[in-house]
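>
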Amino acid sequence: MLKGWLPVVFIFVLITGSCSPKEASTLNVYQMTPDDYKVFFYSEQSKLELEENYIDALLKLRLSNPEKLGNLSLSKSSIFSTETNHPSIKHYPALVIEKNGQTLATMSGQKRKNDIFTLLQDTITYE
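Under the working numbering, the first residue of the sequence shown is numbered 100, with each subsequent residue one higher.
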């Protein structure tokens, strides 16, 4: 009798114990810190072609204000750390802009470079 339930229990444990789709793919988290802001850029290995517009917009932002962003660098940070994991992100690539721990703006999925740049430019202000 017990032998009949063993495969069912095993399958149940496999299904409930498996990782979520968010954890299953390789996720890269990059962080920039212009002034008091934190800009997180999330990308998946399986969607590298969608990253291009995000990277172009970030470079365009840097070139548009070289005196403030001249030393800005994009550094890879740990995957899914509590500091970089953002619960509202469901689609990748994604961009999250924070200031003083508050999320100011998010954008994810396939977007036009100009839309991404406008979001960055409108959100990150310099005194």
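Virtual Cβ for every residue (Gly too), placed ideally from N, Cα, C.
Rounded to a whole number of angstroms, what is the C-alpha to C-alpha distance between Pro192 and Thr224?
Approximately 23 Å between the Cα atoms of the pair.
> Using a 10 Å radius around the Cβ and a threshold of 16 neighbouring Cβ atoms, would you call Arg211 buried or exposed?
Looking at its Cβ environment, which holds fewer than 16 other Cβ atoms inside 10 Å, Arg211 is exposed.
> Going by DSSP, what residue range makes up the beta strand (DSSP E) through Asn152?
Careful: Asn152 lies outside any beta strand (DSSP E), inside the alpha helix (DSSP H) at 151-163.
> Rank Ile215, Val128, Glu143 by C-alpha distance to the C-alpha of His190 and give the top, closest one.
Cα-wise, what sits closest to His190 is Glu143.
> Take the Cβ of Leu157 as the centre, count every other Cβ of all protein chains shown within 10 Å, and call the residue buried at 16 or more, exposed below.
With 16 or more other Cβ atoms within 10 Å, it is buried.
> Would you call Leu162 buried or exposed, if buried means 16 or more other Cβ atoms sit within 10 Å of its Cβ?
By the neighbour-count rule (16 or more Cβ atoms within 10 Å), Leu162 is not buried but exposed.
> Can you give the beta carbon distance from Ile188 to Val138, rounded, assuming they're within the 8 Å contact cut?
Actually they do not touch by this definition, with Cβ atoms about 14 Å apart.
> Assuming Pro75 contacts Lys167 under a Cβ cut-off of 8 Å, what Cβ separation, rounded to an integer in Å, is found between them?
As displayed, the chain neither begins before 100 nor continues past 226, which places residue 75 out of reach and without an answer.
> Candidates Asn213, Ser145, Ser207: which alpha carbon is nearest Asp155's?
Cα-wise, what sits closest to Asp155 is Asn213.
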